[in-house]
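Following: one structure in structure tokens, then a few remarks.
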């Protein structure tokens with residue numbers, strides 16, 4: 001074996017190549033390569049140092065898909081990859097789609113057709129905001145409804161709500177029970193859409209107390225079948241309210257704006273229906289019609305929003321990068 005004068009012979013075959021693999025030629029400069037060929041402790045140290053440098057450089061090259069995954073990562077404790085989106089983003093994304101609903105609501109309050117003379121025109125004006133919420137959900141696409149069972153249930157609930165509104169136009173002609181039945185089906189559909197997870201029984205206990213007090217106040221004024229019908233209806237709307245409120249766990253930071261919309265919508269729906277019951281069975285409530293319809297329309301809008309997911313600016317930027 002030929003070697004330069006004054007240098008010791010190096011047995012390259014004796015080196016453990018599995019423990020100290022040679023570095024990539026592009027990662028080592030000329031002097032460093034010469035040092036690696038020198039063997040000994042210096043060889044091991046240089047190999048480890050260069051291997052660490054290569055790992056650090058490869059670690060810095062983060063894949064765009066990983067960035068997208070991190071950007072869409074859910075908040076601790078949230079479900080289904082949902083995250084909190086700013087109210088500004090919600091208004092920017094969903095506000096334009098709700099413009100017809102706001103216009104139809106304004107038409108109802110501006111016309112303020114008398115309830116003493118029911119007609120198909122007054123029924124149409126009353127149901128028009130609900131029709132606009134149908135369009136709002138359908139505007140998100142057939143694929144949106146096809147892949148989301150809760151969205152389909154909310155849409156079905158809106159359909160039964162419109163039927164209930166139409167029946168209540170003629171409530172003095174004996175169609176109040178029909179309207180009550182339609183809204184009972186609506187509450188069942190909404191409850192199914194909100195689901196049973198998380199269970200969160202604490203707010204359920206509070207809702208039971210409120211519903212019990214409400215029924216005790218109404219009971220002396222009820223007679224005949226309404227004694228049982230009102231009890232069943234209060235139980236249904238109370239159960240729906242519990243399932244909507246259960247999704248908002250503020251103290252554990254387990255909530256999103258969609259769950260908050262469902263919660264507020266359910267509470268407003270309960271306020272609207274309680275006002276109807278007190279005004280019909282107990283005593284006249286001042287400005288009852290304005291209170292009932294304002295809370296009702298707001299409730300339906302918020303419940304419709306509860307099934308729509310907004311994407312924030314980070315998500316849109318990631319899609320542009322892809």
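Numbering (full-length UniProt numbering), first residue to last: 1 to 322. Where a beta carbon is used, it is the ideal one built from N, C-alpha and C, also for glycine.
Rounding to the nearest angstrom, what Cα-Cα distance links residue i and residue j in this structure?
i	j	result
residue 192	residue 150	8 Å
residue 297	residue 129	7 Å
residue 258	residue 303	9 Å
residue 180	residue 162	12 Å
residue 228	residue 239	17 Å
residue 136	residue 51	57 Å
residue 99	residue 139	13 Å
residue 146	residue 101	23 Å
residue 185	residue 103	27 Å
residue 286	residue 167	23 Å
residue 202	residue 173	41 Å
residue 152	residue 142	10 Å
residue 244	residue 197	10 Å
residue 232	residue 182	13 Å
residue 109	residue 293	9 Å
residue 116	residue 206	38 Å
residue 216	residue 209	11 Å
residue 178	residue 158	16 Å
residue 131	residue 105	11 Å
residue 107	residue 224	38 Å
residue 74	residue 92	Only weak support exists for where residue 74 lies, its pLDDT of 45 falling under 50; the coordinates are left without a value.
residue 53	residue 45	12 Å
Assuming residue i contacts residue j (C-beta within less than 8 Å), just tell me the rounded distance between them.
i	j	result
residue 295	residue 271	5 Å
residue 125	residue 113	6 Å
residue 144	residue 189	That belief does not hold up - the Cβ atoms of residue 144 and residue 189 are roughly 17 Å apart, past 8 Å.
residue 194	residue 262	6 Å
residue 170	residue 118	5 Å
residue 268	residue 94	In fact, because the Cβ distance is near 18 Å, the residues do not count as touching under 8 Å.
residue 165	residue 211	Their Cβ separation, rounded to whole angstroms, is 23 Å, which puts residue 165 and residue 211 out of contact at 8 Å.
Can you list, in chain order, the residues of its chain with a C-beta nearer than 8 Å to that of residue i? Leave out the 5 residues immediately preceding and following it.
i	result
residue 148	307
residue 214	234, 274, 277
residue 281	218, 221, 222, 226, 230
residue 154	137, 189, 190, 193, 303, 304, 306, 307
Excluding the five sequence neighbours on either side, which residues of its own chain have a C-beta within less than 6 Å of the C-beta of residue i, listed in chain order?
i	result
residue 204	242
residue 265	299, 302, 303
residue 156	189
residue 187	236, 237, 240
residue 289	none
residue 284	none
residue 87	none
residue 291	275
What residues in its chain sit with their C-beta under 7 Å from that of residue i, if we drop five residues either side in the sequence?
i	result
residue 328	Given a span of 1 to 322 for the chain in the structure shown, any question on residue 328 remains unanswerable.
residue 200	246, 249
residue 122	113, 169
residue 279	285, 288
residue 111	125
Assign residue i to one of three DSSP states: helix, strand, or coil.
i	result
residue 93	helix
residue 174	coil
residue 197	coil
residue 98	helix
residue 212	helix
residue 179	helix
residue 222	coil
residue 86	coil
Going along the chain, which unbroken runs of the alpha helix (DSSP H) with 4 or more residues stay wholly within the stretch 107-164? 120-138, 142-147
What ranges does the alpha helix (DSSP H) occupy inside the stretch 235-315, keeping only unbroken runs of at least 4 residues that lie completely in it? 257-277, 288-305
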